[in-house]
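If you're matching positions, the sequence shown starts at 644 in the numbering used here and goes up one per residue.
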Amino acid sequence: MTDESRALFDRLGGTAAVAAIVQEMYARVLDDPELAPFFDGVSMDRLQTMQFHFLASAFDGPAEYSGADLTRIHSGRGITAVHFAKFCGHFADALEDHGASKRDVDDALGRLALYKDKITGDANVDG
């Protein structure tokens, strides 16, 4: 099996690595004065677990994601495209720090971009 035929989840290192990436990403997010207020009063353990399951599903790994409605969960929180981009930037930095290849970082960010409108509440003008 070539590396390209393996699931992105596996290319990123599997369960332990993706869990560590999520943990590092949230450490970065909570250190970001523009993003940290979105997480005031949030159970970070619960959030990190949900994020792990979401990413596992999005990256073709073991999917235990509940399929929670991302639009409903993020509605009214004031999350903009700029916030989404900053969040993704922290995620990319965490991926790179854990040794992800440029191709895998790009693949991961491309998959997350599919959810931008659900997170920000922006209308998808293309359909």
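Just so you know, even glycine gets a beta-carbon here, dropped at the ideal spot from N, CA and C. All of these numbers come straight from a predicted model, not from anything done at the bench.
Could you tell me the boundaries of the alpha helix (DSSP H) in which residue i lies?
{"i": "L738", "result": "724-740"}
{"i": "G753", "result": "745-756"}
{"i": "L690", "result": "687-701"}
{"i": "F772", "result": "Residue 772 is absent from the structure shown; the chain starts at 644 and stops at 770."}
{"i": "E667", "result": "657-673"}
{"i": "D760", "result": "759-763"}
{"i": "L713", "result": "713-717"}
Can you tell which of the options has its C-alpha closest to the C-alpha of residue i?
{"i": "D740", "options": "D712, V665, Y758", "result": "V665"}
{"i": "I762", "options": "R715, S744, V748, K745", "result": "R715"}
{"i": "L673", "options": "G721, R754, M687", "result": "M687"}
{"i": "I730", "options": "E707, Q694, G684, F652", "result": "Before going further, note that residue 730 is Phe rather than Ile in the sequence given. Residue Q694 is the option with its Cα nearest to F730."}
{"i": "P705", "options": "S718, A662, G764, T723", "result": "A662"}
{"i": "E677", "options": "T658, R746, S744, G721", "result": "G721"}
{"i": "T692", "options": "T658, R754, D760", "result": "T658"}
Would residue i and residue j be called neighbours here (beta carbons separated by less than 8 Å)?
{"i": "F702", "j": "A650", "result": "yes"}
{"i": "D653", "j": "H733", "result": "no"}
{"i": "A735", "j": "V748", "result": "yes"}
{"i": "E667", "j": "A728", "result": "no"}
{"i": "G764", "j": "S700", "result": "no"}
{"i": "Y758", "j": "L713", "result": "yes"}
Quick check on residue i: buried or exposed, where buried means 16 or more other Cβ atoms within 10 Å of its Cβ?
{"i": "A756", "result": "exposed"}
{"i": "L655", "result": "buried"}
{"i": "F682", "result": "exposed"}
{"i": "A751", "result": "buried"}
{"i": "G684", "result": "exposed"}
{"i": "G742", "result": "exposed"}
{"i": "A679", "result": "exposed"}
{"i": "L690", "result": "exposed"}
Is there a C-beta anywhere in chain D that falls below 8 Å from the one on residue i?
{"i": "L655", "result": "Among the chains in the structure shown there is no chain D, since it carries only a single protein chain."}
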